[in-house]
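Q: Chains P and R, in that order, give the protein sequences.
Okay, so the first sequence: first residue is 1477 according to the numbering used here, each after it adds one.
Okay, so the second sequence: first residue is 92 according to the numbering used here, each after it adds one.
Attaching a single structure in structure tokens format; questions to follow.
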Amino acid sequence: MNKVTLNIDGKDVKAEKGMTILEAAKTADIHIPTLCHHNKLAPYGACRICMVEISKNGKSKLVTSCVYEVEEGLVVNTATPKVIKIRKMLMELMLASAPVLKEVGQQHGVEKPRFVSEPTQCILCGLCVRYCAEVKGAHAITFVGRGTKRRVAFIDEVVSTGVCMDCRECYGVCPTGKIPRETDGACFEGITVEDVLNSINAK
Amino acid sequence: MARLKSTADLEKTRQKILSKRDPSRPCITVCAGTGCHALGANLVYEAFINEIAKNGLNKKVDIRRTGCHGFCERGPITVIFPDEICYLGIKAEDVPEIISTTLIEKRLVDRLLYEDKDGVKIAHEGDIPFYKHQQRLIFGSNQHIDPESIEDYIALGGYSALAKALSTMKPDDVLDTIKRANLRGRGGGGFPAGVKWETTRNAPGDIKYVIVNADEGDPGAFMDRSLLEGNPHSVIEGLIIGAYAVGSHQGYVYVRQEYPLAVSNLTLALNQARELGILGKNILDSGFDFDVIIHRGAGAFVSGESSALMNAIEGKVGEPRPKYIRTAVSGIWERPSNLNNVETWANVPLIIDKGADWFTSIGTEGSKGTKIFSLVGKVNNTGLVEVPMGISLREIIYDIGGGIPQGKKFKAVQTGGPSGGCLPESYLDIPVDFDELSKAGSMMGSGGMIVMDEDTCMVDVARYFIDFLADESCGKCVPCRAGLEQMLSILDRICNGEGKAEDIEVLEELSDVLQDSALCALGQTAPNPVMSTIQYFRDEYEAHIEQKRCPAGVCKALISYYIDPEKCQACKICLGECPVQAISGDKNIIHIIDQELCTKCNTCFEVCPTRFSAVVKISGEPVPPAPPYGTEVVRKKGKQ
């Protein structure tokens, strides 16, 4: 009884109970785009790009497939016109602060982004923050600020206490390449990668 | 007071309190709610104490500081019982006259009474139109209770609903009563409280929580604050009854740190309830254990969202959770957690006391009972009003609110807080309930009601609310964070006269995506102010974009001031008042505004004597050329 059958894009898919739609789709080789998802991390549901349209009992609804768990008889459409429109707008919004994602944007049909914002090259997917916390247990990166002022930053105690392990695994999870390029520094001006590494090496 | 050992004990205590009170003895109540407090109610209260002592009336007159009476516009308010004589706008200096005239000579102080629009003085609080059209079931006790006194609450029958529930009803009976009453959540969504309670009750797990959501943060809204400050025991009583129904032994009150009086009155009330055995182990000898922890919020609007609130209580950042599981099933520490707002909880004792049938006799088909609104903005009688569901917006704004000040024209009413919508005049007659407001493109929300007159720019209003929400968004999900940022930038542009032809369409496109894809209710409902103003006031958007004109004359970038040379009488008033010395002129010399220096602060417009009305505000048209400096005034006929 731990298996359920759902239908994704017309294909019957058997999935374990407790799996998310995204995981079930992957087992059936159905691609759903993601930006803030990582196999090693708890679902986060922030970029919303993995939205799909589900229907049950004759009602349809938009949900994030990285969080929504499979149900028996669930019908999932991963690329309805509504879903495509939402993904395109989300990409366009993200491109305002991360123009570096131009090619990803093009894959979603954004040729000429209409919006501008501060080009932080960060989409606040939180992969660096969450990877550092959930996988490494280091908690050396965090979010600061709220709303439009939200940023990621290394916790400045890092410099004095050496919380950062210098594993540089956050470099690899960053979808825009911002972390390796700048090691952020957006919030703690004047602190560079070298400062962080030197202070750790000095201990 | 001694610890109450049974429900019978509670009634005995109540009788004892009442036996010590003489209902015919005058009792002066002074509203000490936040509004009256700010207007000096404490000084009034002290003046009463002194004056009573001075006249040797200590044993003949009672005095009581009470919770908010609601008519905040006219505070500080004093009501003298048993005759219910209501004096408004009292100062400490008025107190000796009140004591000598009303209490000693038994006459009214006419000048402190409410005067209706025909000049008729009204002595009794309940006869004042502001109160007459209300049905104050929840809020009405405020004016009889000293919020710091549990005796006052018990005297009015407080905690008897709890006693009834614990001694005569099973948890299922309580649940059934609330379900049959169809009590819907007063915090915003209008979800049936009984259904939510049942979900928590049936959810697996031994440890369950009940929570009061007192994170009221809508601009202009203060009904939950006034309830917690004015009658904290009514909320606590509702919470205990709810806990009994769902099988919870631990409650939380999530209250804003910015509400210090609410926090202190609540803390005191909880301690009093514990002392009496109304909270703690074996409440009123029923075998039921329950206690409450106060959790003070750290200033985030989004923490009013249920899952964000649960995170905050756990000590985490107040951000909503992405999971598709209700907090009623998995809330604080993933345990079933039933969250209702302050006003919802305050309804519970009434329903238990008077029954579901009584409750459903009030209101409309889908929305039962009353609702408290915070009536603010361009309306004569601002304050807190409690009305039966189904009353029309017009009755609230005109009969209770007294209409629009200075004879201006009504333009819109914004209901439901920042995520609500703005409704135009054609909607004034819709019945106010959860479903009708949603149908009209607005919502009940927690009960904010902002009235706007003809001088309000609807684009500017939308911009204001989006600015608020962009600031209060937690920033976690892309549509809310980045979508609101772009909406705000477009609205800023339109208000600055730089709107583009496609802007309205882009705003609508962004609104659609936010509604469909944002993580929580804050983002999903955030476009409401934009969508409703586009729907009902599209012409104002178009005027800003196409003609660079702000019809209401609000958006500074789109308005100009000039002095009509035909009318200027060179009185030098505007010249002296202009804060940036942008006006030149002299005695007998027509005044001229330097358009480059003018900051459009509106001062000259306001100070120009109405008999001249020489300062003109224009929008969407070029400023007429000024006469050469030194041109003498044209005197009005008959003046020379």
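We put the beta carbon where it would ideally sit given N, CA and C, even for glycine.
Model, not experiment: these values are computed from the prediction.
Flag this pair as yes or no: are the beta carbons of R:V550 and R:L582 separated by less than 8 Å?
A: Contact: yes.
Q: Using the Cα positions of R:G644 and R:I487, report the straight-line distance between them to the nearest angstrom.
A: Straight-line Cα distance between these residues: approximately 27 Å.
Q: Give the residues from the segment 1543-1570 of chain P that approach chain R closer than 8 Å (Cβ to any Cβ), ordered along the chain.
A: Correct list: V1543, Y1544, E1545, K1558, K1561, I1562, M1565, L1566, L1569 and M1570.
Q: For R:S465, report the span of its beta strand (DSSP E) as first-last.
A: Taken as a continuous stretch (DSSP letters only), the beta strand (DSSP E) holding R:S465 covers T461 to G468.
Q: Mind checking the segment 555-569 of chain R against chain P and listing, in chain order, the residues whose C-beta falls within less than 8 Å of any C-beta there?
A: From the segment 555-569 of chain R, only A561, D562, E563, S564, C565, G566, K567, C568 and V569 have a Cβ closer than 8 Å to chain P.
Q: Name the two residues that bound the continuous beta strand (DSSP E) containing R:C118.
A: From DSSP, the beta strand (DSSP E) with R:C118 extends over C118 to C122.
Q: Apply the 10 Å Cβ neighbour rule to P:E1492 and answer buried if 16 or more other Cβ atoms are within range, or exposed otherwise.
A: Answer is exposed; the Cβ neighbour count stays below 16.
Q: Starting from P:M1712, find everything on chain R with Cβ-Cβ shorter than 8 Å and list it in chain order.
A: Nothing about residue 1712 of chain P can be read from this structure; chain P reaches only from 1477 to 1679.
Q: Measuring CB atoms only, is the segment 332-339 of chain R touching the segment 253-271 of chain R, in the sense that at least three cross pairs come out at less than 8 Å?
A: With a cut-off of 8 Å, the segment 253-271 of chain R and the segment 332-339 of chain R count as touching, because enough Cβ pairs lie within range.
Q: Taking C-beta pairs closer than 8 Å, name the residues in chain R that P:A1522 reaches, listed in chain order.
A: Those are P413, K567, C568, V569 and L610, listed as they occur along chain R.
Q: Cβ of R:V303 within 8 Å of Cβ of R:N431?
A: Their beta carbons are under 8 Å apart, which means R:V303 touches R:N431 by this criterion.
Q: Taking only three categories from DSSP, how would you classify R:S240?
A: If DSSP states are grouped into helix, strand and coil, R:S240 belongs with coil.
Q: Counting only the same chain and skipping the five closest in sequence on each side, list residues whose C-beta sits under 7 Å from that of P:V1649.
A: Contacts found: H1514, L1603, C1604 and Y1607.
Q: From the DSSP output, in three-state form, read off R:R640 for me.
A: R:R640 falls in the coil class under three-state DSSP.
Q: DSSP three-state call for R:V707: helix, strand or coil?
A: In this structure, R:V707 counts as strand in the three-state DSSP scheme.
Q: So does the segment 493-513 of chain R actually touch the segment 537-552 of chain R, counting three or more Cβ pairs closer than 8 Å?
A: The answer is yes - the segment 537-552 of chain R touches the segment 493-513 of chain R, with three or more Cβ pairs under 8 Å.
Q: By the 7 Å beta-carbon criterion, what residues does the segment 1521-1540 of chain P contribute toward chain R?
A: Result list: G1521, A1522, C1523, R1524, M1527, L1538, V1539 and T1540.
Q: Assuming P:C1646 is part of the beta strand (DSSP E), what are its boundary residues?
A: Looking at the DSSP string, P:C1646 is not in any beta strand (DSSP E); the run it does join, the alpha helix (DSSP H), is E1645 to V1649.
Q: Quick one: list the residues of chain P neighbouring R:G574, beta-carbon separation under 7 Å, in chain order.
A: Correct list: L1569.
Q: Cβ of R:V420 less than 8 Å from any chain P Cβ?
A: Taking Cβ atoms only, chain P never reaches closer than 8 Å to R:V420, which makes this a no.
Q: Verify whether the separation of the beta carbon atoms of R:Y652 and R:V706 is less than 8 Å.
A: It is a contact, given that the beta carbons lie within the stated cut-off.
Q: Taking the alpha helix (DSSP H) that R:N133 belongs to, which residues open and close that run?
A: Where R:N133 is concerned, the enclosing alpha helix (DSSP H) stretches over A132 to K145.
Q: Rounded to whole angstroms, what's the CA-CA distance from R:K469 to R:I495? Just pull it up for me.
A: One C-alpha to the other measures close to 6 Å.
Q: Quick one: measure Cβ to Cβ for R:F282 and R:R275, integer angstroms, because I've assumed they're closer than 8 Å.
A: With 8 Å as the limit, R:F282 and R:R275 qualify as a contact, their Cβ atoms being about 7 Å apart.
Q: For R:T259, which of helix, strand or coil comes out of DSSP?
A: DSSP places R:T259 in helix when its eight states are reduced to three.
Q: Pick helix, strand or coil for P:G1494, following the three-state DSSP scheme.
A: Residue state, collapsed to three classes: coil.
Q: Quick check: is the beta carbon of P:F1630 nearer than 8 Å to any beta carbon in chain R?
A: No, its Cβ sits nowhere closer than 8 Å to a Cβ of chain R.
Q: By the three-class DSSP mapping on this structure, what secondary structure does P:V1539 have?
A: It is a strand residue.
Q: Just grab the DSSP bridge partners of R:P479 for me.
A: Answer is R:T461.
Q: Alpha carbon to alpha carbon, what distance is there between R:I683 and R:F703?
A: For R:F703 and R:I683, the distance between alpha carbons rounds to 15 Å.
Q: Write down every uninterrupted run of the beta strand (DSSP E) in the segment 341-398 of chain R whose length is 3 residues or greater and which is fully enclosed by it, in chain order.
A: The qualifying runs are 341-347 and 382-388.
Q: Counting only C-beta atoms, is R:V433 closer than 8 Å to chain P at any point?
A: Not one chain P Cβ lies under 8 Å of R:V433.
Q: Got a sec: which bits of the segment 332-351 of chain R sit with their beta carbon under 8 Å from any beta carbon on chain P, in order along the chain?
A: Within the segment 332-351 of chain R, no residue qualifies.
Q: Are the segment 553-562 of chain R and the segment 1585-1599 of chain P touching by the rule of at least three beta carbon pairs closer than 8 Å?
A: No: the two stretches stay apart, fewer than three of their Cβ pairs being nearer than 8 Å.
Q: By the three-class DSSP mapping on this structure, what secondary structure does P:L1673 have?
A: Any reading at P:L1673 needs caution, since the residue's pLDDT is 49, under 50, leaving its predicted position unreliable; the model's value is listed next. It is helical.
Q: Does P:L1577 come within less than 8 Å of chain R when only Cβ atoms are used?
A: P:L1577 does not count as touching chain R.
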